[in-house]
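Novice:
Protein chains: 2
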Amino acid sequence: MILYGYFRSSAAWRVRIALHLKGLTVENRYQHLRKGEQLSPGYLAVNPQGLLPSLILDDGAVLTQSLAICEYLDEQYPDPALLPSDPVTRARVRALAQVIACDIHPVQNLRVLKALQARGQTPDNTNGWARDVIGGGFDALETLVAGQGRPYAFGDTPTLADICLVPQMANARRFGVELRWPRLAAIEAACLALPAFAETHPDRQPDAE
Amino acid sequence: MILYGYFRSSAAWRVRIALHLKGLTVENRYQHLRKGEQLSPGYLAVNPQGLLPSLILDDGAVLTQSLAICEYLDEQYPDPALLPSDPVTRARVRALAQVIACDIHPVQNLRVLKALQARGQTPDNTNGWARDVIGGGFDALETLVAGQGRPYAFGDTPTLADICLVPQMANARRFGVELRWPRLAAIEAACLALPAFAETHPDRQPDAE
Numbered sequence: 001m002i003l004y005g006y007f008r009s010s011a012a013w014r015v016r017i018a019l020h021l022k023g024l025t026v027e028n029r030y031q032h033l034r035k036g037e038q039l040s041p042g043y044l045a046v047n048p049q050g051l052l053p054s055l056i057l058d059d060g061a062v063l064t065q066s067l068a069i070c071e072y073l074d075e076q077y078p079d080p081a082l083l084p085s086d087p088v089t090r091a092r093v094r095a096l097a098q099v100i101a102c103d104i105h106p107v108q109n110l111r112v113l114k115a116l117q118a119r120g121q122t123p124d125n126t127n128g129w130a131r132d133v134i135g136g137g138f139d140a141l142e143t144l145v146a147g148q149g150r151p152y153a154f155g156d157t158p159t160l161a162d163i164c165l166v167p168q169m170a171n172a173r174r175f176g177v178e179l180r181w182p183r184l185a186a187i188e189a190a191c192l193a194l195p196a197f198a199e200t201h202p203d204r205q206p207d208a209e
Numbered sequence: 001m002i003l004y005g006y007f008r009s010s011a012a013w014r015v016r017i018a019l020h021l022k023g024l025t026v027e028n029r030y031q032h033l034r035k036g037e038q039l040s041p042g043y044l045a046v047n048p049q050g051l052l053p054s055l056i057l058d059d060g061a062v063l064t065q066s067l068a069i070c071e072y073l074d075e076q077y078p079d080p081a082l083l084p085s086d087p088v089t090r091a092r093v094r095a096l097a098q099v100i101a102c103d104i105h106p107v108q109n110l111r112v113l114k115a116l117q118a119r120g121q122t123p124d125n126t127n128g129w130a131r132d133v134i135g136g137g138f139d140a141l142e143t144l145v146a147g148q149g150r151p152y153a154f155g156d157t158p159t160l161a162d163i164c165l166v167p168q169m170a171n172a173r174r175f176g177v178e179l180r181w182p183r184l185a186a187i188e189a190a191c192l193a194l195p196a197f198a199e200t201h202p203d204r205q206p207d208a209e
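Order-wise, the sequence lines are chains A and B.
Letter 193 of the first sequence, counting from 1, is numbered 193 in the working numbering, and no numbers are missing.
Letter 22 of the second sequence, counting from 1, is numbered 22 in the working numbering, and no numbers are missing.
1. How big is the Cα-Cα spacing for N127(B) and Q98(B)?
2. So the candidates are R131(A), G42(A) and E209(A); which of them puts its Cα closest to the Cα of R180(A)?
3. Of all the CB atoms in chain B, is at least one closer than 7 Å to the CB of T122(A)?
4. Since I believe M1(B) is in contact with L55(B) (beta carbons under 8 Å), could you give me their beta-carbon distance rounded to a whole number of angstroms?
5. Should L24(A) go down as buried or exposed, given a rule of 16 or more other Cβ atoms within 10 Å for buried?
6. Terminal residues of the continuous beta strand (DSSP E) containing L63(B)?
7. Under 7 Å between C-beta atoms, does D86(A) make it to chain B?
8. Less than 8 Å between the CB atoms is what I'm expecting for L33(B) and V15(B), so what's the real figure, rounded?
9. Using a Cβ-based criterion (distance less than 6 Å to any ligand heavy atom), does A95(B) qualify as near the ligand MG?
10. What is the rounded straight-line gap between the Cα of G120(A) and the Cα of E75(B)?
11. Am I right that Y43(A) and G5(A) are in contact with their C-beta atoms under 8 Å? What's the rounded C-beta distance?
12. What residues from chain B crowd round Q108(A), counting only those whose CB sits closer than 8 Å?
13. If we call anything under 7 Å between Cβ atoms a contact, is L192(B) one with A198(B)?
14. What does A101(B) touch in chain A if you count any residue whose Cβ is under 7 Å from its own?
15. Would you grab the beta carbon distance between S66(A) and A170(A) for me? Rounded to a whole angstrom, and I think it's under 8 Å.
16. Are the C-beta atoms of P78(B) and some chain A residue less than 7 Å apart?
17. Within this structure, are the beta carbons of C102(B) and P106(A) separated by less than 7 Å?
18. For E188(A), I'd like the list of residues in its chain whose CB is within less than 6 Å of its CB, leaving aside the five on either flank, ordered along the chain.
19. Can you give the Cα-Cα distance for L201(B) and V46(A), rounded to whole angstroms?
20. Does DSSP put E27(A) in a helix, in a strand, or in coil?
21. Exposed or buried, what is Q38(B) when buried is set at 16 or more other beta-carbons lying within 10 Å of its beta-carbon?
22. Write down every uninterrupted run of the alpha helix (DSSP H) in the stretch 39-96 of chain A whose length is 4 residues or greater and which is fully enclosed by it, in chain order.
23. Can you grab the Cα-Cα spacing for the pair P87(A) / L96(A), in whole Å?
24. Just the chain B side, please: which residues come within less than 9 Å of A61(A) by C-beta, in chain order?
25. Against chain A, with Cβ distances strictly below 7 Å, would Q38(B) count as a contact?
26. What is the DSSP secondary structure of G137(B), reduced to helix, strand or coil?
27. Determine the direct distance from the alpha carbon of V145(A) to that of A153(A), and round the result to whole angstroms.
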């Protein structure tokens, strides 16, 4: 399999974590987001959204959207599971992942911040925007994980919720968000003690700057 | 089950379609988004994000996030299926749903447009923003559904992709997007010929204005 990614893309990091948890290795290719490489005709032919990540299967089939890719990996390589078997907890793990993947990350990502600057917002303003979006989302997440288990977000194995949370915490730090959510911080620390999270960290990728 | 919704919320509409396809009836409760009812202490105790929809199961368990709710319903009430059985097509259906639920809808919703206006953007500007976000997303969707089947987005039964597409098309119209995507329009027309899509339309809800 071939993974198109970028060291700092938190959506690509999610897939790196899932692959590592499953013990899968892939060929990595990089698209430099700040240089706009993801909008080259060659990459748009792979992924018409011009977003990362994309996963190319051995037969050439292209999968896009990080959560869809993680669910595919979980169905094809079920051990260890990224979703619990209990139906309600399963729905809550997916919901937590989606709070991040739908309501936090896309609203604070580079694409939106650039569009804001094109409409006259200063970099200070757009960084404030990102901090507001992340902070409001994390307030909800801290409540949603309360009482769900330890040390990870939903108990004693990492799930899709942790896979989304850890990259989003890194984004929060990058924007200077004051991390006032003790349970989220404890989940992050537990995850980063695992090779699947630590070795896939943006700073440890070959394309890191 | 109890569904908290709002006639015009496209995320709530997704769940109304899924429930209807499954032949499930629920008690409906409404939170008026423009009046801010979703931010009342009572509703925040149900859904700490203050977003719609929320589904309350018969035992009182609360589920949030429309895609997580649809997947829960699909697992608990498997017939008719909202996801195809082929693993790659399944991943592509989920990806198409996520293009809308992650990259289009949250970036053009009322919450973001209000934040833009609070930063000095005029309503004309924010409507243009919404049109840009929807148009760019639909360009990618038109490519992603090419050759995937007919009459629905992925063949002869509606899937999670259609469930997300039809409400997003309604949003596009509301913002005055010129609908230049023939395949998306054909999918929408096929869906709206089904009671599950037509009867759950915002205009036909009891709280419609």
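Even for Gly, the Cβ is constructed at its ideal location relative to N, Cα and C.
Specialist: Quick look at the numbers:
1. 22 Å
2. R131(A)
3. no
4. 6 Å
5. exposed
6. V62 to T64
7. no
8. Rounded, the Cβ-Cβ distance is 15 Å, inconsistent with contact.
9. In the structure shown, the ligand MG is absent, as is every other ligand, since no ligand is present at all.
10. 46 Å
11. At roughly 12 Å, the Cβ-Cβ gap does not stay under 8 Å, so Y43(A) and G5(A) are not in contact.
12. The contacting residues do not exist; Q108(A) stays about 10 Å from chain B at best.
13. yes
14. C102
15. In fact, because the Cβ distance is near 15 Å, the residues do not count as touching under 8 Å.
16. no
17. yes
18. V166 and M169
19. Inspection of the sequence shows that residue 201(B) is occupied by His rather than by Leu. Spanning the two alpha carbons is a distance of roughly 35 Å.
20. strand
21. buried
22. 41-46 and 66-76
23. 14 Å
24. V88, A91 and R92
25. no
26. helix
27. 6 Å
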